[in-house]
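J.: In the working numbering, the protein residues as written are 153 to 488. I have a structure I would like to understand better, so I am pasting it below and will then ask my questions one at a time.
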Ligand SMILES: Cc1cc2nc3c(=O)[nH]c(=O)nc-3n(C[C@H](O)[C@H](O)[C@H](O)COP(=O)(O)O)c2cc1C
């Protein structure tokens, strides 16, 4: 049966799914408001990371990922959506208004919704197995369906460049006032923390192809590969045609689509945003995107080795803390 009914309990269930979306430093920088027949997404300026993410790009990407997760959850419940992105220019924190429309999920849509609970950011070395080209085609299509452009980096030169840019960005950020404090606040968390990156999700050993961002503490056992084996990481840059606030929201939706599709394929994934947070390294990344696209985030993909331990699930805020009354005054903040 096709439905456009969006009752409160369905809306809350969909929001609890959406809250499982990835976010920079697991900051979950969003709040929701549930109206009669609509769900509204807001950026939460109190959860911004001004030293790490001075432009608010990661914040909007994170909110875009939550928006896509919400749409995936609703569709799995038989509810399609019409999305009005940044519906009120006077309220830049109001990122989206989502209205129901008739929807009929395909088996692929249902499989994507199942991937929401399985997806994790995996920062460890990946196995040497190659990612099949048809998988990468599917990921490009998933990004394109959300308005994103996924450029897979072929050959060692662009991959080496990305590795260098991650290091350069880290050096530059080390000089940024407040960065060390922000990293200490949001990372190195205990297992079971409701927000932030737990130490149990950061590998303790040597890095893979791309250096992992410096987090507060690292207690996850690194994967070991056999002799002669190398990390089979695939790196891809996700971009958009232009770089406004709506593009960044859409980039987050495309990121979510890529990560969930890859999870459905059985791949391990990890978003990397550090070189996008620094203007100089971001400008260099632009050169890797053909057709003049604007880079938004890097995605690392691959197969976890057969022997790899499962990646622990990171925590999320209680659902009630993420939903605000519809009539609360609009937040002002760094969303524009
Ligand atoms: C916009 C964005 C940027 C991110 N940047 C990085 C990054 O640079 N390095 C990294 O290891 N993880 C990065 N992540 C992954 C988050 O740290 C991760 O989503 C969060 O800790 C929640 O864990 P989970 O993805 O396993 O649910 C990013 C995620 C998003 C959405």
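Positions of the beta carbon are idealized from the N, C-alpha and C atoms, including for glycine.
How long is the line joining the alpha carbons of residue 309 and residue 180, rounded to whole angstroms?
T.: The sequence position of residue 309 within the chain shown is 157, counting from 1. The sequence position of residue 180 within the chain shown is 28, counting from 1. So the alpha carbons of these two residues sit roughly 34 Å apart.
J.: Between the alpha carbons of residue 424 and residue 186, how many angstroms are there, rounded?
T.: As a first step, residue 424 must be located in the chain shown, where it is residue number 272. As a first step, residue 186 must be located in the chain shown, where it is residue number 34. Rounded to the nearest angstrom, the two C-alpha atoms are 32 Å apart.
J.: What is the rounded straight-line gap between the Cα of residue 184 and the Cα of residue 371?
T.: The residue you call residue 184 lines up with position 32 of the chain shown. The residue you call residue 371 lines up with position 219 of the chain shown. Going by the C-alpha atoms only, they are around 33 Å apart.
J.: If you follow the alpha helix (DSSP H) that residue 226 is in, where does it begin and where does it stop?
T.: For the purposes of this step, residue 226 is taken as residue 74 along the chain shown, with counting starting at 1. Its alpha helix (DSSP H) spans residues 209-228.
J.: Can residue 375 and residue 463 be called in contact, C-beta distance under 8 Å?
T.: For the purposes of this step, residue 375 is taken as residue 223 along the chain shown, with counting starting at 1. For the purposes of this step, residue 463 is taken as residue 311 along the chain shown, with counting starting at 1. Not a contact, by the Cβ cut-off of 8 Å.
J.: Measure the alpha-carbon distance for residue 194 versus residue 248 and round it to whole angstroms.
T.: Reading the chain shown from its first residue, position 42 is the one you call residue 194. Reading the chain shown from its first residue, position 96 is the one you call residue 248. Roughly 7 Å separates the two Cα atoms.
J.: Could you pull the start and end residues of the beta strand (DSSP E) that residue 279 belongs to?
T.: In the chain shown, residue 279 corresponds to position 127, counting from 1. Segment: none, residue 279 is in no beta strand (DSSP E) and carries neither H nor E.
J.: Is there contact here, the stretch 380-397 with the stretch 430-448, by at least three beta-carbon pairs under 8 Å?
T.: Because the criterion of three Cβ pairs below 8 Å is met, the stretch 380-397 and the stretch 430-448 touch.
J.: What's the gap between the Cα of residue 192 and the Cα of residue 200?
T.: One-based indexing of the chain shown puts residue 192 at position 40. One-based indexing of the chain shown puts residue 200 at position 48. The straight-line gap from Cα to Cα measures roughly 19 Å.
J.: Determine contact between the stretch 434-443 and the stretch 262-277, defined as no fewer than three beta-carbon pairs at a distance below 8 Å.
T.: Judged by Cβ distances under 8 Å, the stretch 434-443 makes no contact with the stretch 262-277, as fewer than three pairs qualify.
J.: Between the C-alpha atoms of residue 324 and residue 227, what's the straight-line distance to the nearest angstrom?
T.: Position 172 of the chain shown, counted from the start, is the residue given in the question as residue 324. Position 75 of the chain shown, counted from the start, is the residue given in the question as residue 227. Looking at the two C-alpha atoms, the distance is approximately 42 Å.
J.: Counting beta carbon pairs with one atom in the stretch 336-344 and one in the stretch 471-478, are three or more of them shorter than 8 Å?
T.: Touching, no, given that fewer than three Cβ pairs across the two stretches are closer than 8 Å.
J.: Residue 496: buried (16+ other C-beta within 10 angstroms of its C-beta) or exposed?
T.: Any property of residue 496 remains undetermined from this structure, which presents the chain solely from 153 to 488.
J.: Please report the residue range of the alpha helix (DSSP H) in which residue 272 lies.
T.: Position 120 of the chain shown, counting from 1, holds the residue named residue 272. Here residue 272 belongs to no alpha helix (DSSP H), and DSSP marks it neither H nor E.
J.: Following a CB-centred definition, is residue 355 positioned closer than 7 Å to any heavy atom of ligand 1?
T.: Position 203 of the chain shown, counted from the first residue, corresponds to residue 355. Flag unset: Cβ of residue 355 not near ligand 1.
J.: Using beta-carbon positions only, say whether residue 273 and residue 454 come within less than 8 Å of one another.
T.: Taking the first residue of the chain shown as position 1, residue 273 is located at position 121. Taking the first residue of the chain shown as position 1, residue 454 is located at position 302. Contact flag unset, no.
J.: Mind checking whether the beta-carbon of residue 395 lies closer than 7 Å to any heavy atom of ligand 1?
T.: In the chain shown, counting from the first residue as 1, residue 395 sits at position 243. Residue 395 Cβ: outside cutoff for every heavy atom of ligand 1.
J.: According to DSSP, what are the bridge partners of residue 246?
T.: The residue given as residue 246 occupies position 94 in the chain shown. Paired residues: 194.
J.: CA-CA distance, residue 554 and residue 307?
T.: The chain is shown from 153 up to 488; residue 554 falls before or after that span and cannot be answered.
J.: Can you name the start and end residues of the beta strand (DSSP E) that residue 453 belongs to?
T.: Against the chain shown, residue 453 aligns to sequence position 301. That run of the beta strand (DSSP E) goes 446-454.
J.: How would the residue list near ligand 1 read, in chain order, if you kept each one whose beta-carbon is closer than 6 Å to any heavy atom?
T.: Taking each Cβ in turn, the ones that pass are 174, 175, 176, 177, 178, 210, 213, 214, 217, 272, 273, 275, 349, 364, 365, 422, 423, 424, 425, 426, 449 and 466.
J.: Applying the 10 Å Cβ sphere with the 16-neighbour rule, what's the burial state of residue 253?
T.: Along the chain shown, one-based indexing puts residue 253 at 101. Counting Cβ neighbours within 10 Å, residue 253 comes out exposed, since fewer than 16 surround it.
J.: On the three-state DSSP scale, how would you describe residue 177?
T.: Counting from one through the chain shown, the residue named residue 177 turns up at place 25. Here residue 177 sits in helix by DSSP.
J.: What residues match up with residue 441 in a beta bridge as DSSP calls it?
T.: Within the chain shown, numbered from 1, the residue matching residue 441 stands at position 289. Residue 441 is not bridged to any residue.
J.: Closest to residue 369 by C-alpha separation, out of 457, 470, 337 and 168, would be which residue?
T.: Within the chain shown, the letter at position 217 stands for residue 369. For residue 369, the nearest C-alpha among the options comes from 337.
J.: What is the residue span of the alpha helix (DSSP H) that residue 338 lies within?
T.: Start at 1 with the first residue of the chain shown, and residue 338 comes out as number 186. That run of the alpha helix (DSSP H) goes 331-338.
J.: Is it true that the CB of residue 204 sits closer than 8 Å to the CB of residue 334?
T.: Position 182 of the chain shown, counting from 1, holds the residue named residue 334. Position 52 of the chain shown, counting from 1, holds the residue named residue 204. Contact flag set, yes.
J.: If residue 301 and residue 291 are in contact, beta carbons under 8 Å, what's the gap, nearest whole angstrom?
T.: Taking the chain shown and counting its residues from 1, one reaches residue 301 at position 149. Taking the chain shown and counting its residues from 1, one reaches residue 291 at position 139. Rounded, the Cβ-Cβ distance is 12 Å, inconsistent with contact.
J.: DSSP puts residue 366 in a beta bridge; with which residues?
T.: Taking the chain shown and counting its residues from 1, one reaches residue 366 at position 214. The partner list for residue 366 (beta bridge, DSSP) is empty, contrary to what the question assumes.
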